[in-house]
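Visitor: The structure follows.
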Amino acid sequence: MRIAGGAFDPHAELADFANGRESAGGIVSFLGQVRQEPGDAVEALELRHFAPLTLPGMEQLVVRAESHWPLMAVLVVHRVGVMMPGDPIVLVACAAKHRRDAFASADFLMDHLKSSAWFWKREKTGEGWRWIEPRDSDHADLTRWQDVP
Amino acid sequence: MALLLLFLGPLEDVAGAGEIALDVAEPLTLAAIAERLEPELAVALVGAKIRMALNGNLVAPGEVMAGDGDELAFLPPVSGG
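As given, the protein sequences belong to chains D and B, one line each in that order.
Going letter by letter, the first sequence gives residues 14 to 162 in my numbering.
Going letter by letter, the second sequence gives residues 37 to 117 in my numbering.
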């Protein structure tokens, strides 16, 4: 688990993660990247964090996932700083003996990283930088996991 | 040394800077800290949704007692990763 201040290579990260984990029957990974849709004026995205809370919060999240699903390993790489459209933002990978545990735990980790982790983001358009407000749907996503202690 | 105030996310724009150092003679409550700031910033900081971390640990607003050498961070609602 780490926070990356600069660009990372998700393919190399995944290759390293899979290396030596042959006993895992499945590895589910999710790569989030800076989205750009046609006509979208977003030129850049910046993510800020507060290390004293962000890192321990992510560690607790991984512990929670590992306590609930029988996982063999978890990888979380999260960018901070200024990113361009198409740049990787977050990579989550969960290795388990069976695929359903890997799918569910990766889904759990992403829902929490997107809605409750200590990150603030702003985007740049032709009109300058604008902070992104929390979305109600992010909080709704968390209710899916109320059964996970 | 001083009391260092950190402003995360959109609070940085209200404060006009990511951090402000206050010279303090003694530890201050949140209300006393707010009195030392611009009114617009003070109002934004005492909003119900703003959380606070004193030297990296979350504290309730009523528990804030921050003085020389302390770092008090103001954390608005997160916008997700």
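By construction, the Cβ of each residue, glycine as well, lies at the ideal position given by its N, Cα and C atoms.
Everything numeric in this text was worked out from a predicted model, so none of it was measured.
Can you say whether Trp5 (chain D) is buried or exposed, counting buried as having 16 or more other CB atoms within 10 angstroms of its CB?
Guide: An answer regarding residue 5 (chain D) cannot be provided, because it is not within the stretch 14 to 162 covered by chain D.
Visitor: Val103 (chain D): buried (16+ other C-beta within 10 angstroms of its C-beta) or exposed?
Guide: Classification of Val103 (chain D): buried, given that the 10 Å Cβ count is 16 or more.
Visitor: Compute the distance between the beta-carbons of Gly92 (chain B) and Trp133 (chain D), then report whether it is under 8 Å.
Guide: Going by C-beta atoms, Gly92 (chain B) is not nearer than 8 Å to Trp133 (chain D).
Visitor: Can you find a C-beta in chain B that's less than 8 Å from the C-beta of Lys134 (chain D)?
Guide: Closer than 8 Å to some Cβ of chain B, the Cβ of Lys134 (chain D) qualifies, so yes.
Visitor: Check each residue of the stretch 80-107 of chain D: if its Cβ is closer than 8 Å to any Cβ of chain B, include it; give the result in chain order.
Guide: Taking 8 Å as the Cβ-Cβ cut-off against chain B, the residues of the stretch 80-107 of chain D that qualify are His91, Ile102 and Val103.
Visitor: Could you round the C-beta distance between Gly39 (chain D) and Ala109 (chain D) to whole angstroms and report it? I think they count as a contact, below 8 Å.
Guide: With 8 Å as the limit, Gly39 (chain D) and Ala109 (chain D) qualify as a contact, their Cβ atoms being about 6 Å apart.
Visitor: So for Val76 (chain D), helix, strand or coil by DSSP?
Guide: Helix.
Visitor: Quick check on DSSP: helix, strand or coil for Leu44 (chain D)?
Guide: Note: Leu44 (chain D) maps to strand in three-state DSSP.
Visitor: What are the boundary residues of the beta strand (DSSP E) that includes Ala84 (chain B)?
Guide: Counting along the chain, Ala84 (chain B) falls outside any beta strand (DSSP E), and DSSP gives it neither H nor E.
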